[in-house]
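According to the numbering used here, the stretch in the sequence shown is residues 39 to 177, in order. For every residue, glycine included, the Cβ atom is placed at its ideal position computed from N, Cα and C. All of these numbers come straight from a predicted model, not from anything done at the bench.
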Amino acid sequence: QPSAQAQPHPYAVHLASLLVVSDLESARFLWKRMPAEAKQDPETVALWQVGQCQYQNDKAALHKALVAFAWSATVGALTQRLKSIAQEKATLLINSAYTSIKVSEAANLLGVVESEILEVGQAQGYAIVPKFAIYFVSV
């Protein structure tokens, strides 16, 4: 949910744009050469935390960082796109790397709660065994 902040800091928009296209090296170097006043902007700092999660490939922390801040409208649109991209990549990972996965692990990778993963799995035609909390991926 976007905040009432009217204009995001230009560095926040630049950083968010780099994160959306997964240009993590450029994002890292942007952060390094950013002026100190930009590094004190709360939205820019929150975006840098998102970037660190991406850089460390920590999918669960990435999803948490994306919803932990009330983004401005401009940056909020970019972070929503980033969340969608992260979920698409996680879905591809699950489909290619697993024949079965625990519901809790799938939810963690996709950044959703377990009740939502059941709906997502059923919509995609996956077999789900709630008793054992296992999500069977179609191959």
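From the options, residue whose alpha carbon lies closest to that of residue i
i	options	result
Ile123	Gly149, Ile139, Ala135	Gly149
Val105	Gln90, Lys121, Asp96	Lys121
Val88	Gln162, Ser60, Lys140	Ser60
Thr147	Ala161, Leu130, Gln160, Leu56	A small fix is needed here, since residue 147 is Leu in this sequence, not Thr. Of the candidates Ala161, Leu130, Gln160, Leu56, the one whose C-alpha sits nearest the C-alpha of Leu147 is Leu130.
Straight-line Cα distance separating residue j from residue i
i	j	result
Arg119	Val58	7 Å
Ser134	Ser153	23 Å
Leu156	Ala145	9 Å
Val51	Glu126	22 Å
Ser142	Leu100	16 Å
Ala84	Phe107	7 Å
Val151	Gln94	22 Å
Thr137	Arg71	44 Å
Ala98	Cys91	9 Å
Val167	Trp109	37 Å
Phe67	Asp79	17 Å
CB contact flag (residue i, residue j, <8 Å)
i	j	result
Thr82	Ala76	yes
Pro48	Val113	no
Leu116	Ala65	no
Under the three-state DSSP convention, the category residue i falls into
i	result
Val113	helix
Ala106	coil
Val151	coil
Continuous alpha helix (DSSP H) assignments of at least 4 residues falling wholly in the region 53–95 = List check, alpha helix (DSSP H) in window: 62–71, 74–77, 80–93.
Ranges of the alpha helix (DSSP H) found wholly within the region 122–151, counting only runs of at least 4 = The region 122–151 contains these whole alpha helix (DSSP H) runs: 141–148.
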